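Protein chains in written order, with this note's numbering: chain R, 34 to 379; chain P, 34 to 379.
Number of protein chains: 2
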Amino acid sequence: MNRLQDLLDIELPIVQSPMAGVQSSALAVAVCNAGGLGSLPCAMLSHDAMQTELMAIRAQTTRPFNVNFFCHAQPTPTREREMVWHAALAPYYDEFGMNVDAAPAGPGRAAFNHDAADVLEPFKPAVVSFHFGLPADDLLARVRGWGSKIFSSATTVEEARWLEARGVDAVIAQGLEAGGHRGMFLTDDVTTQIGTFALLPQIVAAVRVPVIAAGGIADAGGVAAALSLGAAAVQAGTTYLLCPEVATTPIHRTALKSDAARHTALTNLFTGRPARGIVNRIMRELGPLSAAAPPFPLATSAIAPLRARAESLGSGEFSPLWSGQNATGCREVPAAQITRDLAAAL
Amino acid sequence: MNRLQDLLDIELPIVQSPMAGVQSSALAVAVCNAGGLGSLPCAMLSHDAMQTELMAIRAQTTRPFNVNFFCHAQPTPTREREMVWHAALAPYYDEFGMNVDAAPAGPGRAAFNHDAADVLEPFKPAVVSFHFGLPADDLLARVRGWGSKIFSSATTVEEARWLEARGVDAVIAQGLEAGGHRGMFLTDDVTTQIGTFALLPQIVAAVRVPVIAAGGIADAGGVAAALSLGAAAVQAGTTYLLCPEVATTPIHRTALKSDAARHTALTNLFTGRPARGIVNRIMRELGPLSAAAPPFPLATSAIAPLRARAESLGSGEFSPLWSGQNATGCREVPAAQITRDLAAAL
Numbered sequence: 034m035n036r037l038q039d040l041l042d043i044e045l046p047i048v049q050s051p052m053a054g055v056q057s058s059a060l061a062v063a064v065c066n067a068g069g070l071g072s073l074p075c076a077m078l079s080h081d082a083m084q085t086e087l088m089a090i091r092a093q094t095t096r097p098f099n100v101n102f103f104c105h106a107q108p109t110p111t112r113e114r115e116m117v118w119h120a121a122l123a124p125y126y127d128e129f130g131m132n133v134d135a136a137p138a139g140p141g142r143a144a145f146n147h148d149a150a151d152v153l154e155p156f157k158p159a160v161v162s163f164h165f166g167l168p169a170d171d172l173l174a175r176v177r178g179w180g181s182k183i184f185s186s187a188t189t190v191e192e193a194r195w196l197e198a199r200g201v202d203a204v205i206a207q208g209l210e211a212g213g214h215r216g217m218f219l220t221d222d223v224t225t226q227i228g229t230f231a232l233l234p235q236i237v238a239a240v241r242v243p244v245i246a247a248g249g250i251a252d253a254g255g256v257a258a259a260l261s262l263g264a265a266a267v268q269a270g271t272t273y274l275l276c277p278e279v280a281t282t283p284i285h286r287t288a289l290k291s292d293a294a295r296h297t298a299l300t301n302l303f304t305g306r307p308a309r310g311i312v313n314r315i316m317r318e319l320g321p322l323s324a325a326a327p328p329f330p331l332a333t334s335a336i337a338p339l340r341a342r343a344e345s346l347g348s349g350e351f352s353p354l355w356s357g358q359n360a361t362g363c364r365e366v367p368a369a370q371i372t373r374d375l376a377a378a379l
Numbered sequence: 034m035n036r037l038q039d040l041l042d043i044e045l046p047i048v049q050s051p052m053a054g055v056q057s058s059a060l061a062v063a064v065c066n067a068g069g070l071g072s073l074p075c076a077m078l079s080h081d082a083m084q085t086e087l088m089a090i091r092a093q094t095t096r097p098f099n100v101n102f103f104c105h106a107q108p109t110p111t112r113e114r115e116m117v118w119h120a121a122l123a124p125y126y127d128e129f130g131m132n133v134d135a136a137p138a139g140p141g142r143a144a145f146n147h148d149a150a151d152v153l154e155p156f157k158p159a160v161v162s163f164h165f166g167l168p169a170d171d172l173l174a175r176v177r178g179w180g181s182k183i184f185s186s187a188t189t190v191e192e193a194r195w196l197e198a199r200g201v202d203a204v205i206a207q208g209l210e211a212g213g214h215r216g217m218f219l220t221d222d223v224t225t226q227i228g229t230f231a232l233l234p235q236i237v238a239a240v241r242v243p244v245i246a247a248g249g250i251a252d253a254g255g256v257a258a259a260l261s262l263g264a265a266a267v268q269a270g271t272t273y274l275l276c277p278e279v280a281t282t283p284i285h286r287t288a289l290k291s292d293a294a295r296h297t298a299l300t301n302l303f304t305g306r307p308a309r310g311i312v313n314r315i316m317r318e319l320g321p322l323s324a325a326a327p328p329f330p331l332a333t334s335a336i337a338p339l340r341a342r343a344e345s346l347g348s349g350e351f352s353p354l355w356s357g358q359n360a361t362g363c364r365e366v367p368a369a370q371i372t373r374d375l376a377a378a379l
């Protein structure tokens, strides 16, 4: 009946969104063993850490799983852009008694490459998914060659068609409601980014491969709604953020449980690319989308020390509090329960 | 079974969005007679025209219908704001060989008042709906006193609660996908505006009155999805814009049928308030949301002559091409067929 479940031999049409920086193998394993497709995000993992996490998944589940990579082009830093960015952040450094020019390189975001593929190949995961388009043809051919299915995110009809033309096995329709980074890669105009209700049926009509709905899906009603709009499955992330298997910080958890979670915005302040998070002081004061932020992922290094200092003082005002527009599904229960509850109306 | 259908004694849980400027009684009558709730938008009608249209509805249907009003506070024009706005538009006036200082007052948007209520009262429509909040207490009491049910749009959970506390009979949850004016009234921060997939279930959870879903709903799958998310009914507008009963201009129709319809944005250029339309030259060049535009509805008068001149030359580059983010449901068929097709999966 369901094309994605058939394609992957999974029990439930539920994909757990890879969420770099807050989760590793534990969440993926829990979701896989509950019948969904668990995901390991690798954008912030060293190759050693990736190997460790992949071994942990293999040791704890025999089910299909997904490994996710970013595939952006790494920009060349320029002194000019760095100076503009440091100047924008300087008042906050001053406030904390810190020196912006001494800012160390913060956690970057690595793009998929042959070294990562070397680590990945022995594991031959059922699915390898990408964000920000697809890697170069030779890399993509390598992944396909060892048998992994390929997924990637589309934020517009044009992106969905582009991905299908390059042979992806499923398209993730990432509605504007989704938390974290917009997967947009054919445009940087955020006015092209549209809500799940509008995006999903248009992508379903535009491509022949299965479409996975992402953005705003927080409960069984949301899953039923996505399937009514033509989705073969859903991808849910925010709703897992309070699970014990996730390393969401206490500050982030508090924000997700508060009324503050009702106000998110797309911001490029934390990495350089638009990503959805709960609005906080730095987003309000610099504007959530600032021309001062250098290209992805170069914004990270100078803002990371502010985050670290503020968090050490108990404040999330400089943290990326990633969340979609619908955090109402977040509960402090095991991820298996979230997964089963999402599928409860099927 | 369905609370809104019971409340109004209508056959189908389909409300036709009032669309000021493009439709009058003909569309409302067609939708009513097909079993939905047709709507007459009055924001751009003189009181004489309102009377004529209300008589036309009464003559052609015995079904319940909705009459819609804006209820903004009318701002006081200032010479400073007008000069800023004229300066922003001056290059376009120059291009057309026109004089911006000779710009006549264009079509305004009238707020509901006692004179309008005098015209409305003898018709006692089943529903009176409002956009931009609610009118003053005495006016609202008058409408309620003659027996009309009261609807209004909410774009946030806070607005839904505010409306329920003032006794509305149903809340329209207007997702970010919706075409035309955002109904936002407790905030002017567009980052608070969220997609239907996220907004609808949060409003359903927050209020006890029936919730009508608006934004991105273009076909029977969309209606089914909205009901899965807890809606008692849907409100659809864009999908009616090609119907013969609607006075959509040929330029607007052409845009809706083209790939251009896939790129809409919120813009304040045409009236002063954010409203969603298909992106065109003036939106691209001034930015869709411009600080130069004076408060609603004062932006209208100076931009209207540019629209008129451009349209006379066959161009929609200065026109408000209102559309939601999902124009795929638009078809050149009678509104009765659109209405029945929306309800086909129920």
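Ideal placement from N, C-alpha and C gives every residue a C-beta, glycine not left out.
This structure is a prediction, so every number in the text was calculated from the model and none was measured.
Closer than 7 Å to chain P by CB, residue i
i	result
residue 190 of chain R	yes
residue 261 of chain R	yes
residue 349 of chain R	no
residue 34 of chain R	In this prediction, residue 34 of chain R scores a pLDDT of 45, lower than 50, which makes its location untrustworthy; the coordinate-derived value is nonetheless stated afterwards. With 7 Å as the cut-off, residue 34 of chain R does not count as an interface residue toward chain P.
residue 210 of chain R	yes
residue 298 of chain R	yes
residue 225 of chain R	yes
7 Å Cβ cutoff, residue i in contact with chain R
i	result
residue 359 of chain P	yes
residue 258 of chain P	yes
residue 231 of chain P	yes
residue 207 of chain P	no
residue 370 of chain P	no
residue 320 of chain P	no
residue 295 of chain P	yes
residue 69 of chain P	no
residue 48 of chain P	no
residue 268 of chain P	no
residue 30 of chain P	Any question about residue 30 of chain P goes unanswered here, given that chain P covers just 34 to 379.
residue 84 of chain P	no
Length of the line joining the Cα atoms of residue i and residue j
i	j	result
residue 225 of chain R	residue 192 of chain R	11 Å
residue 260 of chain P	residue 258 of chain R	8 Å
residue 167 of chain P	residue 209 of chain P	20 Å
residue 60 of chain R	residue 368 of chain R	7 Å
residue 239 of chain R	residue 205 of chain R	13 Å
residue 306 of chain R	residue 278 of chain R	27 Å
residue 51 of chain R	residue 345 of chain R	26 Å
residue 266 of chain R	residue 46 of chain R	4 Å
residue 5 of chain R	residue 295 of chain R	This structure does not reach residue 5 of chain R, given that chain R is present from 34 up to 379, and the question cannot be answered.
Span of the alpha helix (DSSP H) around residue i
i	result
residue 230 of chain R	229 to 239
residue 109 of chain R	Neither: residue 109 of chain R is in no alpha helix (DSSP H) and is coded neither H nor E.
residue 84 of chain P	80 to 93
residue 147 of chain P	147 to 153
residue 261 of chain R	253 to 261
residue 310 of chain R	It is not in any alpha helix (DSSP H) - residue 310 of chain R instead sits in the beta strand (DSSP E) that spans 308 to 311.
residue 56 of chain R	Taken as a continuous stretch (DSSP letters only), residue 56 of chain R belongs to no alpha helix (DSSP H), as it is neither H nor E.
residue 372 of chain R	368 to 375
residue 190 of chain R	190 to 198
residue 291 of chain R	Segment: none, residue 291 of chain R is in no alpha helix (DSSP H) and carries neither H nor E.
residue 334 of chain P	332 to 345
Residue i: first and last residue of the uninterrupted beta strand (DSSP E) it sits in
i	result
residue 72 of chain R	71 to 74
residue 101 of chain R	98 to 103
residue 297 of chain P	297 to 300
residue 207 of chain R	203 to 207
residue 315 of chain P	Counting along the chain, residue 315 of chain P falls outside any beta strand (DSSP E), though it belongs to the alpha helix (DSSP H) covering 314 to 319.
Rounded distance between the beta-carbons of residue j and residue i, thought under 8 Å
i	j	result
residue 322 of chain R	residue 223 of chain R	7 Å
residue 145 of chain P	residue 160 of chain P	That pair is no contact at about 14 Å.
residue 248 of chain R	residue 229 of chain R	4 Å
residue 97 of chain R	residue 39 of chain R	The pair is not a contact, with the Cβ atoms about 12 Å apart (cut-off 8 Å).
residue 69 of chain P	residue 55 of chain P	Not a contact, Cβ separation roughly 18 Å.
residue 73 of chain P	residue 58 of chain P	6 Å
Does the pairing of the segment 356 to 363 of chain P with the segment 306 to 314 of chain P give three or more beta-carbon distances under 8 Å? Yes, since at least three Cβ pairs between the segment 356 to 363 of chain P and the segment 306 to 314 of chain P fall closer than 8 Å, the two stretches touch.
Could you check whether the segment 100 to 107 of chain P touches the segment 165 to 180 of chain P, counting it as contact only if at least three pairs of C-beta atoms, one from each stretch, sit closer than 8 Å? Using a C-beta cut-off of 8 Å, the segment 100 to 107 of chain P makes contact with the segment 165 to 180 of chain P, since at least three inter-stretch Cβ pairs fall below that distance.
Cβ contact (3+ pairs, closer than 8 Å) linking the segment 335 to 349 of chain P and the segment 247 to 255 of chain P: No, the segment 335 to 349 of chain P does not touch the segment 247 to 255 of chain P.
At least three beta-carbon pairs within less than 8 Å, the segment 83 to 96 of chain P to the segment 282 to 289 of chain P: Verdict: no, contact absent.
contact_flag[the segment 173 to 183 of chain R, the segment 195 to 203 of chain R] where n(CB pairs < 8 Å) is 3 or more: The segment 173 to 183 of chain R makes contact with the segment 195 to 203 of chain R; the number of CB pairs closer than 8 Å reaches 3 or more.
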